[in-house]
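Numbering (our numbering), first residue to last: -19 to 424.
Okay, here's the thing in structure tokens:
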């Protein structure tokens, strides 16, 4: 019913629209449409494939495309409409195909990323989720789910993975090789036709994958008792929601983004009075596959975080002063939204999780602590590291928290103008908020 053709350039579909619309619409229709400037502009943007500028008409086209793709893949079209924009399911499929071709180890008689049988492709759930998110983030793709559970749900909603008899995304099965090696894992099950053409499909695994009767819960998949193997452990429990996309532009989008979908306020991480030793090479895990080679060779640190910020801004992997931005300019310098910007770095560099675990910290807390030790941020007169900004709009306002850099030169050769919708909250207001427990503040 469905077969992926790798030689087809699917992006040409929207680019080729210009060859067709002149045949479908005659001169009289064009004359009539041009009499309605708003409608005419929206139509031109749609025909050019620039849906983000086409307003409601562009949203209709994008949603119809998402529903069509989900239905073709066997998913639920109604759920596809709630997915991030710009056909995230296509990006997920493309990412899986890339990882299976370039990164994943298949069909080994021992630890691997997945196994291909005659009728199914079995991918270790945590491995595929971690590496798929890291790969998509490295490609500057927005709307990537923030947790393993969210990734599993998106893959299942769009029919990319096959559900268990109980309707779950996670399968529990035991892999046994002909050499006698055996281990239990939690898997995502895919149809091989999703990934390969029949002529390009690898040889099936010379062993067996035996599904266990009791299915693991997708919120907390766990492997059977046995040695922990790097890259193939079960996915931890996670309750983080899918990161939502702003549904419109301008101030409203920024305020919406900083509203209900914002993560909790980031606490300051107190610096330890005792100097912490740097981890030895033996304690640092080997580089994770799926990241760019330059990332693999670099050990995460505070200095590398700043270098990553600078490069990401210059290459537009990180946008500034926008509804989805984690970096803003305010008060003549740079404002880093916490914990969002540190979470983004930790998601792109999977080594952070292992380093943070040694200090019993979350990944973003480990990055934030390294950043603070650089001393490149501006402290408040009271000695606090965190500054509060208020995002103002015509109807409502929100607050976010983050760090002010001592100088914008660390990230910009030429500092952009301040974001006109952000302003620093004064000390009196901040002390009042602290006394109230910050209950009304939202964190981006």
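C-beta: ideal position from N, C-alpha, C; glycine also.
Note that the coordinates shown come from a computational prediction; the quantities given were computed from them, not determined experimentally.
Same chain only: Cβ atoms within 6 angstroms of residue i, ignoring 5 sequence neighbours per side
| i | result |
| --- | --- |
| residue 135 | 141 |
| residue 305 | 299 |
| residue 112 | 75 |
| residue 20 | 13, 14 |
| residue 322 | 344, 347, 348 |
| residue 405 | 368, 370 |
| residue 11 | none |
Residue i versus residue j: straight-line alpha-carbon distance, rounded
| i | j | result |
| --- | --- | --- |
| residue 225 | residue 117 | Here the model assigns residue 225 a pLDDT of 37, short of 50, so the residue's position is not dependable and the matter cannot be decided. |
| residue 180 | residue 79 | 15 angstroms |
| residue 105 | residue 161 | 20 angstroms |
| residue 132 | residue 15 | 48 angstroms |
| residue 81 | residue 128 | 22 angstroms |
| residue 24 | residue 87 | 50 angstroms |
| residue 359 | residue 368 | 12 angstroms |
| residue 401 | residue 372 | 5 angstroms |
| residue 289 | residue 7 | 50 angstroms |
| residue 83 | residue 28 | 35 angstroms |
| residue 13 | residue 72 | 38 angstroms |
| residue 336 | residue 279 | 13 angstroms |
| residue 403 | residue 312 | 11 angstroms |
| residue 387 | residue 357 | 8 angstroms |
| residue 334 | residue 342 | 10 angstroms |
| residue 332 | residue 390 | 23 angstroms |
| residue 121 | residue 296 | 11 angstroms |
| residue 316 | residue 366 | 10 angstroms |
| residue 173 | residue 163 | 26 angstroms |
| residue 338 | residue 119 | 29 angstroms |
| residue 17 | residue 392 | 39 angstroms |
| residue 177 | residue 39 | 33 angstroms |
| residue 441 | residue 340 | The structure shown does not extend to residue 441, since the chain is modelled only from -19 to 424, so the question has no answer here. |
| residue 157 | residue 189 | 9 angstroms |
Contacts around residue i, its chain only, beta-carbon distance under 7 angstroms, and the 5 residues preceding and following it disregarded
| i | result |
| --- | --- |
| residue 300 | 293, 307, 308, 309, 396 |
| residue 285 | 325, 347, 350, 351 |
| residue 92 | 85, 86 |
| residue 94 | 84, 86, 101, 102, 103, 104 |
| residue 399 | 301, 308, 309, 310 |
| residue 77 | 175 |
8 angstroms contact criterion, which residue i and residue j should meet: CB distance rounded
| i | j | result |
| --- | --- | --- |
| residue 281 | residue 383 | Not confirmed; about 17 angstroms, so no contact. |
| residue 192 | residue 149 | The Cβ separation is near 16 angstroms, so there is no contact. |
| residue 314 | residue 364 | With a Cβ gap of about 18 angstroms, residue 314 and residue 364 do not count as contacting. |
| residue 89 | residue 159 | 5 angstroms |
| residue 185 | residue 97 | 6 angstroms |
| residue 354 | residue 283 | 7 angstroms |
| residue 123 | residue 155 | With 8 angstroms as the limit, residue 123 and residue 155 do not qualify as a contact, their Cβ atoms being about 33 angstroms apart. |
| residue 22 | residue 37 | 4 angstroms |
Burial state of residue i, where buried means 16 or more other Cβ atoms lie within 10 Å
| i | result |
| --- | --- |
| residue 110 | buried |
| residue 380 | buried |
| residue 4 | exposed |
| residue 138 | buried |
| residue 394 | exposed |
| residue 328 | buried |
| residue 34 | buried |
| residue 30 | exposed |
| residue 69 | buried |
| residue 9 | exposed |
| residue -5 | exposed |
| residue 291 | exposed |
| residue -2 | exposed |
| residue 2 | exposed |
| residue -8 | exposed |
| residue 227 | For residue 227, the predicted model reports a pLDDT of 36, less than 50, meaning its position is unreliable; a value from the coordinates is still stated below. Looking at its Cβ environment, which holds fewer than 16 other Cβ atoms inside 10 Å, residue 227 is exposed. |
Sequence-distant residues of its chain with Cβ nearer than 8 angstroms to residue i (five each side left out)
| i | result |
| --- | --- |
| residue 151 | 102, 144, 166, 167, 168, 169, 191, 195, 196 |
(message) Can you confirm whether the segment 91 to 107 touches the segment 164 to 179 when touching is taken to mean that 3 or more C-beta pairs between the two stretches lie within less than 8 angstroms?
(response) Yes: the two stretches touch, three or more of their Cβ pairs being nearer than 8 angstroms.
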